[in-house]
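What the sequence shown shows, in UniProt numbering, is residues 1 to 477, in sequence order. The beta carbon of each residue, even a glycine, is placed where N, CA and C say it ideally should be. To start, the structure itself, in structure tokens.
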Amino acid sequence: MSDYNFDVHHINGAWVQAESSERIEVIDAATEEVIGRIPAGTAKEVDTAVKAARAAFDSWSTTTPEFRGNLLKAASEAILARTEELAVIQSREVGTPLALSRAMHVGLPSVTVGSQNDFVGHAFDPEIIGNATIVKEAIGVVGLIAPWNFPLQQVVAKVAPALAAGCTIVLKPSEFAPLTTYALIEILEAAGLPAGVLNVVFGDGPTVGEAIVTHPDIDMVSFTGSTAVGKRICALAADKVKRVALELGGKSPLVVLPDADVNMVAQRVVGAITLNSGQACSALTRIVVPQSRLAEVESAILAAVATIKVGDPMSEDTAMGPLVSERQLGRVRALIDKGIAEGARLLTGGSGLPEGLTKGYYVQPTVFSDVTIDMTIAQEEIFGPVMSIQPYDDALGDDEAVRIANATVYGLAAAVMGADVARANAVARRIRAGQVEVNAGAFNPIAPFGGYKQSGHGRELGRHAVEEYLEMKALLN
Ligand code: NAD
Numbered sequence: 001m002s003d004y005n006f007d008v009h010h011i012n013g014a015w016v017q018a019e020s021s022e023r024i025e026v027i028d029a030a031t032e033e034v035i036g037r038i039p040a041g042t043a044k045e046v047d048t049a050v051k052a053a054r055a056a057f058d059s060w061s062t063t064t065p066e067f068r069g070n071l072l073k074a075a076s077e078a079i080l081a082r083t084e085e086l087a088v089i090q091s092r093e094v095g096t097p098l099a100l101s102r103a104m105h106v107g108l109p110s111v112t113v114g115s116q117n118d119f120v121g122h123a124f125d126p127e128i129i130g131n132a133t134i135v136k137e138a139i140g141v142v143g144l145i146a147p148w149n150f151p152l153q154q155v156v157a158k159v160a161p162a163l164a165a166g167c168t169i170v171l172k173p174s175e176f177a178p179l180t181t182y183a184l185i186e187i188l189e190a191a192g193l194p195a196g197v198l199n200v201v202f203g204d205g206p207t208v209g210e211a212i213v214t215h216p217d218i219d220m221v222s223f224t225g226s227t228a229v230g231k232r233i234c235a236l237a238a239d240k241v242k243r244v245a246l247e248l249g250g251k252s253p254l255v256v257l258p259d260a261d262v263n264m265v266a267q268r269v270v271g272a273i274t275l276n277s278g279q280a281c282s283a284l285t286r287i288v289v290p291q292s293r294l295a296e297v298e299s300a301i302l303a304a305v306a307t308i309k310v311g312d313p314m315s316e317d318t319a320m321g322p323l324v325s326e327r328q329l330g331r332v333r334a335l336i337d338k339g340i341a342e343g344a345r346l347l348t349g350g351s352g353l354p355e356g357l358t359k360g361y362y363v364q365p366t367v368f369s370d371v372t373i374d375m376t377i378a379q380e381e382i383f384g385p386v387m388s389i390q391p392y393d394d395a396l397g398d399d400e401a402v403r404i405a406n407a408t409v410y411g412l413a414a415a416v417m418g419a420d421v422a423r424a425n426a427v428a429r430r431i432r433a434g435q436v437e438v439n440a441g442a443f444n445p446i447a448p449f450g451g452y453k454q455s456g457h458g459r460e461l462g463r464h465a466v467e468e469y470l471e472m473k474a475l476l477n
């Protein structure tokens, strides 16, 4: 397998040699081998990128939405045409099993990019209020900072709506999974993106990320990542009263109502554990179960989790690969140990390596029960294949289930299961989260996605994402 070594950024339509010789290594999560290198960018390179984005803004923001939508449609098809290459890179960077990588790390980004064409025109529809005509305009130069867990999707979930809105961009992908961004640049340029519209500076958060957040000529920052970094970004951006969109962490509950189908619950738990080894911001990580059905739910989950095949992400029958990095592995193992130390009952798994695996950042699918809301594993985002069952008193009913579901600082996603659909929907409405699935309702790639509470503010995906990148003007006649 060839290596991916890069020593360039992309600024003003050209590959620009990095000024520093420092490189950041990209590691294969399953083999722990170095598979690539990217440059460690500097604040000066961010400044050059911002100047290019500013210079390109007037012309790009006055192209028609249809022109931009069509360009993105062409890029979407080009992404699909490179499925195998892009899936393999991301399986190596993140550890996602290849079959899942094709769908989630390539198919989904392709939809995210192409779907702009369907609604971008409407995002600019004027509104009349008395003597006021309300028009929408691109906000300006935007700084976009992405995480590693869905490398291409998290990048295009920002880049595509920002482009559709008419903004110009300075982007920093995650240093842990940056490699597909090089392909994305090629794809967008081949589709006709003019020079200076998308500028990419590779590098770390404290240097490149903070240079983006604090740059006086960036009008808005959109960040996806941890809540801790999101808080710092908010504080830094406040100095320039910059608009900030934040997609942060989660601790999402699955509320099981007394009449829920236990097999549906178990299957959904397996899905949540195996999707990117639990490294999804919206992963369901807490199962809120009525005491009367606890034993039944536990045994169904145990039986289902036992079928999860953990191993090489390149093997077509693997259900769960490794975690992304040594840092993440250390963090997940420490939290599993903390769960045991705080008195949660370990049903399966633990902090040791899965059987037969001696290399790679693997962790066992792990399920705890009797988890109470004061425990660390009920409160902190673990970002690994670790599930906590939180029993509730049947006598206290749905109120108690809702109370436990809402008892974290997060509010990104949730799920409710119950045979009485009206009741399940009523409970879903009481959960303070940006997206709530009812009875395993399927993920919708153009429905707004984002958080309540400390899971952030702003929405990505679909038409609502384009609106994040627009300013509103009232013309009074
Ligand atoms: P992270 O916060 O460590 O890093 C995210 C990005 O921010 C990276 O590009 C990083 O280089 C950059 N960064 C780090 N420090 C910075 C700083 N001081 N200033 C500016 N930029 C900085 O997060 P991660 O480990 O890459 O991703 C995992 C986290 O992302 C989890 O908490 C997960 O829940 C969250 N996430 C949220 C969503 C969502 O939509 N809400 C989606 C995916 C991931």
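Quiz prompt | Distance CB(G41)-CB(Y4) smaller than 7 Å | solution = Result no, Cβ atoms of G41 and Y4 do not sit closer than 7 Å.
Next item on the list: Can you grab the Cα-Cα spacing for the pair Q116 / G350, in whole Å?
Entry: Straight-line Cα distance between these residues: approximately 43 Å.
*Taking G418 as the reference, give the member of V288, T408 and I382 with the closest Cα.*
Closest option to G418, Cα to Cα, is V288.
From the DSSP output, which residues share a beta bridge with P253?
DSSP, once it has assigned bridges, lists R286 as partnering P253.
Subject >> Range of the contiguous alpha helix (DSSP H) that encloses H122 >> reply: Counting along the chain, the alpha helix (DSSP H) containing H122 begins and ends at Q116 to A123.
Cα-Cα separation, V111 to P151
Taking the straight line joining both Cα atoms gives about 15 Å.
Should V332 be labelled buried (16 or more other beta-carbon atoms within 10 Å of its own) or exposed? Burial call: buried.
In the segment 293-369, which residue ranges form an unbroken beta strand (DSSP E) of at least 3 residues, counting only runs that do not cross its ends? If we require 3 residues or more, the beta strand (DSSP E) runs fully inside the segment 293-369 come out as 345-348 and 366-369.
Item checked: Residues of its chain near S292, where Cβ-Cβ distance is below 6 Å and the 5 sequence neighbours each way are ignored -> For S292, where only same-chain residues beyond five positions count, the Cβ hits under 6 Å are D394.
Note to self: Residues in the same chain with beta-carbon distance under 6 Å from A272, minus the five sequence neighbours each way, listed in chain order, please.
What the structure shows: Here the set comprises A283 and L284.
Check your understanding: Quick one: complete beta strand (DSSP E) runs, 3+ long, within the segment 8-59?
Key -> Counting only runs of 3 or more residues that sit fully inside the segment 8-59, the beta strand (DSSP E) segments are 8-11, 14-17, 23-27 and 34-39, in chain order.
request  = Answer with buried or exposed for L323, where buried requires no fewer than 16 other C-beta atoms within 10 angstroms of its C-beta.
outcome  = Buried, since its Cβ has 16 or more Cβ neighbours within 10 Å.
* Asked: Between the segment 351-364 and the segment 418-430, do at least 3 Cβ pairs fall closer than 8 Å?
  -> Contact between the segment 351-364 and the segment 418-430 is absent, with fewer than three C-beta pairs closer than 8 Å.
query: Between F368 and E467, what straight-line distance do the alpha-carbon atoms span, to the nearest angstrom?
result: Roughly 41 Å between the two C-alpha positions.
Legend entry - Nearest candidate by alpha-carbon position, reference R456, set M320, T376, N70 and V221: The sequence shown places Gly at residue 456, not Arg. Of M320, T376, N70 and V221, the residue nearest in Cα terms is V221.
- Item | Spatially closest choice to V16 from I233, A195, Q328 and G462, by CA coordinates | Answer by Cα proximity: A195.
Could you compute how far the alpha carbon of M1 sits from the alpha carbon of I89?
Residue confidence for M1 is low, a pLDDT of 39 falling below 50, so the modelled location carries little weight; the figure read from the coordinates is stated next. Distance between the alpha carbons of M1 and I89 is about 10 Å.
- May I have the straight-line CA-CA distance separating residue 491 from E84, to the nearest angstrom? Residue 491 falls outside the range modelled here, since the chain spans only 1 to 477, and no answer is possible.
query: Helix or strand or just coil, what does DSSP make of P391?
result: In the three-state reduction of the DSSP assignment, P391 falls in the strand class.
Cβ contact (3+ pairs, closer than 8 Å) linking the segment 11-30 and the segment 45-65:
Touching, yes.
inquiry  = Three Cβ pairs or more, each shorter than 8 Å: is that satisfied between the segment 248-257 and the segment 444-460?
reply    = Yes, the segment 248-257 is in contact with the segment 444-460.
Distance, Cα to Cα, L470 vs V371? Going by the C-alpha atoms only, they are around 43 Å apart.
message: Three Cβ pairs or more, each shorter than 8 Å: is that satisfied between the segment 219-233 and the segment 389-403?
response: No, they do not touch.
Could you check what DSSP says for M1 in three-state terms: helix, strand or coil? Model confidence at M1 stands at a pLDDT of 39, short of 50, so the residue's coordinates are unreliable; what they give is reported in the following sentence. M1: coil per DSSP, three-state reduction.
Subject >> Exposure label - I129; buried when at least 16 CB within 10 Å >> reply: Classification for I129: exposed.
Relative to the ligand NAD, is the shortest distance from any of its heavy atoms to the C-beta of G330 smaller than 6 Å? Taking the Cβ of G330 as the reference point, every heavy atom of the ligand NAD lies at 6 Å or farther away.
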